[in-house]
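So the structure is just underneath, and the comments pick up after that.
Residue numbers (the working numbering), protein chains in the order written: chain A, 2 to 331; chain B, 85 to 290.
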């Protein structure tokens, strides 16, 4: 399994490819070859490649989920499958909110294939946002109907997005509770860090909003190392840097890029943190569940790396800049 | 204008032509003044434009860098999706403005999209940077259109002045000269005729 992952040397040569044509030549000597063959004759750009990288990730995920024991399979379905479903749901609802054409919405959807029973095309083709949300009434996402009125009040889509995040965290923690204790520790740290960081990013974005916002406890349902009170302070703070400098690890490390004005590196640093946590788990147990999780996290990071690299090469971005946004084990 | 054909060598026509040429020469002087003023305006505008373009290009480079960062961090599909969630689009009105009779477009921004708290922090930073320079970008575009129109008008005015100075006025002067010569000839002929007739009559009397 780990043999399928691209080595640091291959990633480096992809970054230095110089053109999409060369990038594809290098990639055709890797496990992505099969997926690339199906595209022969069509125009290949970064957007098409993004779908390929997601398809390969889903293929690897499916292979493991199919043979995993029930409790582990349920966890993977919650942590990974739902994550992809929610990404798609957010993209559909953003488009419906701003009355974007269904064809345009469908172009940015992740090709989830058989891992999701949700018909995203039907959601995208609904007349309005209010018509699309009830289509989820028989799914775990039914509660987002309650967020529709807030979308109208604030003329924004974030109430639905936050509710989707909350549903995700609930489902993931519920699935996590069914795993053996020794398997939960690493994953709990990762899930809590992801939730805390999403909360922080939202709070930092809201600092700049001139509108009156709803109470913090209504919106931020899941907080861990960064409490609701701290989130309120962030939203109200005049000097964000002073607050961020007082954060404890790992958040101090992840948010240092805001102080230097490089907000985009937060996600890269979060991925790096997740990768390191998963790798630590492997040190303890290189054959069991933590090894599988480490492999899947590496697959996820590889996917994100390849998406960044292919877009960077297509748009002639400097190599040093691309390298800053990818996570490798070098 | 063919000097010989279509010209009436009469005193009345000569008088009319002299009036006309005075009018044309005055018009030519005014056009020269307009040309000189437009040329000065153009020179000054080009200098200002050069500076403003350099400044805006530097700021745009920073904006493109931030946008590229958002794409690298989030991926192209996520960026497109977040951008699509912004409801209001930019609304502008393009109105005509004039300087020295030269019309150029003036852009009035009616409304801008609201982006506060509506997208990921990375993309928001790039969008904010774009809107910070947007007014200046529109202003530079207006200025460029103004400079283009001034240059166009300067070209037209210059051509008119050249046509008047090198073709129309010299042509009128040639015609005037021709008519004056013709009238002088006729006067001389008349004088000689009178003298001859007078001489013949005198000899007849004797």
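From the three backbone atoms N, C-alpha and C, an ideal C-beta is built for every residue, glycine too.
Using the Cα positions of residue i and residue j, report the straight-line distance between them to the nearest angstrom.
| i | j | result |
| --- | --- | --- |
| residue 172 (chain A) | residue 187 (chain A) | 17 Å |
| residue 95 (chain B) | residue 103 (chain B) | 12 Å |
| residue 21 (chain A) | residue 239 (chain B) | 47 Å |
| residue 86 (chain B) | residue 289 (chain B) | Per-residue confidence for residue 86 (chain B) stands at a pLDDT of 49, beneath the threshold of 50, marking its modelled position as unreliable; the derived number appears in the next sentence. Cα to Cα, residue 86 (chain B) sits roughly 49 Å from residue 289 (chain B). |
| residue 189 (chain B) | residue 227 (chain A) | 53 Å |
| residue 44 (chain A) | residue 145 (chain A) | 38 Å |
| residue 129 (chain B) | residue 199 (chain B) | 35 Å |
| residue 234 (chain B) | residue 272 (chain B) | 54 Å |
| residue 283 (chain B) | residue 274 (chain B) | 14 Å |
| residue 158 (chain B) | residue 231 (chain B) | 41 Å |
| residue 239 (chain A) | residue 35 (chain A) | 53 Å |
| residue 203 (chain B) | residue 270 (chain A) | 20 Å |
| residue 315 (chain A) | residue 113 (chain B) | 59 Å |
| residue 147 (chain A) | residue 192 (chain A) | 25 Å |
| residue 217 (chain A) | residue 19 (chain A) | 47 Å |
| residue 101 (chain A) | residue 247 (chain B) | 57 Å |
| residue 214 (chain B) | residue 289 (chain A) | 49 Å |
| residue 259 (chain B) | residue 184 (chain B) | 35 Å |
| residue 263 (chain A) | residue 245 (chain A) | 14 Å |
| residue 291 (chain B) | residue 326 (chain A) | With chain B covering only 85 through 290, there is no way to say anything about residue 291 (chain B). |
| residue 59 (chain A) | residue 190 (chain A) | 24 Å |
Just to confirm, are residue i and residue j a CB contact at a threshold of 9 Å?
| i | j | result |
| --- | --- | --- |
| residue 17 (chain A) | residue 320 (chain A) | yes |
| residue 336 (chain A) | residue 66 (chain A) | A query on residue 336 (chain A) cannot be resolved here, the shown segment of chain A reaching from 2 to 331 and no further. |
| residue 140 (chain A) | residue 158 (chain A) | no |
| residue 134 (chain A) | residue 94 (chain A) | yes |
| residue 132 (chain B) | residue 227 (chain B) | yes |
| residue 55 (chain A) | residue 304 (chain A) | yes |
| residue 41 (chain A) | residue 27 (chain A) | no |
| residue 130 (chain A) | residue 149 (chain A) | yes |
| residue 208 (chain A) | residue 163 (chain A) | no |
| residue 85 (chain A) | residue 113 (chain A) | yes |
| residue 198 (chain A) | residue 298 (chain A) | no |
| residue 324 (chain A) | residue 7 (chain A) | no |
| residue 82 (chain A) | residue 106 (chain A) | no |
| residue 242 (chain A) | residue 260 (chain A) | yes |
| residue 265 (chain A) | residue 154 (chain B) | yes |
| residue 196 (chain B) | residue 177 (chain B) | no |
| residue 275 (chain A) | residue 166 (chain A) | no |
| residue 91 (chain A) | residue 168 (chain A) | no |
| residue 93 (chain B) | residue 263 (chain B) | yes |
| residue 152 (chain B) | residue 249 (chain A) | no |
Just checking my contact of residue i with residue j at CB under 8 Å: how many whole Å lie between their CB atoms?
| i | j | result |
| --- | --- | --- |
| residue 253 (chain B) | residue 109 (chain B) | 6 Å |
| residue 89 (chain A) | residue 110 (chain A) | 5 Å |
| residue 98 (chain B) | residue 267 (chain B) | 7 Å |
| residue 33 (chain B) | residue 136 (chain B) | This structure does not reach residue 33 (chain B), given that chain B is present from 85 up to 290, and the question cannot be answered. |
| residue 245 (chain B) | residue 164 (chain B) | So it is not a contact: roughly 55 Å between Cβ atoms. |
| residue 105 (chain B) | residue 257 (chain B) | 7 Å |
| residue 168 (chain B) | residue 4 (chain A) | Actually they are not in contact, since the Cβ atoms of residue 168 (chain B) and residue 4 (chain A) sit about 39 Å apart, beyond 8 Å. |
| residue 311 (chain A) | residue 121 (chain A) | The Cβ separation is near 23 Å, so there is no contact. |
| residue 225 (chain A) | residue 204 (chain A) | Not quite, the Cβ-Cβ distance comes to about 14 Å (not below 8 Å), so this is no contact. |
| residue 176 (chain A) | residue 75 (chain A) | 5 Å |
Grab the span of the beta strand (DSSP E) containing residue i for me, first residue to last.
| i | result |
| --- | --- |
| residue 181 (chain B) | 175-183 |
In terms of residues, what are the limits of the alpha helix (DSSP H) holding residue i?
| i | result |
| --- | --- |
| residue 1 (chain A) | For chain A, the structure presents residues 2 to 331; residue 1 (chain A) sits outside this window and is missing. |
| residue 348 (chain A) | Since the first and last residues shown for chain A are 2 and 331, residue 348 (chain A) lies out of range. |
| residue 266 (chain B) | 253-289 |
| residue 142 (chain A) | First-last for residue 142 (chain A): undefined, no H or E at that position. |
| residue 54 (chain A) | 47-68 |
| residue 121 (chain B) | 95-158 |
| residue 106 (chain A) | 103-108 |
| residue 33 (chain A) | Note, residue 33 (chain A): premise wrong, no alpha helix (DSSP H); not H, not E. |
| residue 325 (chain A) | 320-325 |
| residue 246 (chain B) | 205-247 |
| residue 92 (chain A) | 83-98 |
| residue 56 (chain B) | In this structure chain B extends from 85 to 290, so residue 56 (chain B) is not present and cannot be described. |
| residue 256 (chain A) | 252-260 |
| residue 121 (chain A) | 121-126 |
| residue 306 (chain A) | 290-315 |
| residue 157 (chain A) | Residue 157 (chain A) -> no alpha helix (DSSP H), and no H or E assigned at all. |
| residue 214 (chain A) | Note, residue 214 (chain A): premise wrong, no alpha helix (DSSP H); not H, not E. |
In terms of DSSP beta bridges, what is residue i paired with?
| i | result |
| --- | --- |
| residue 189 (chain B) | B:180 |
| residue 178 (chain A) | Residue 178 (chain A) is not bridged to any residue. |
| residue 195 (chain B) | B:175 |
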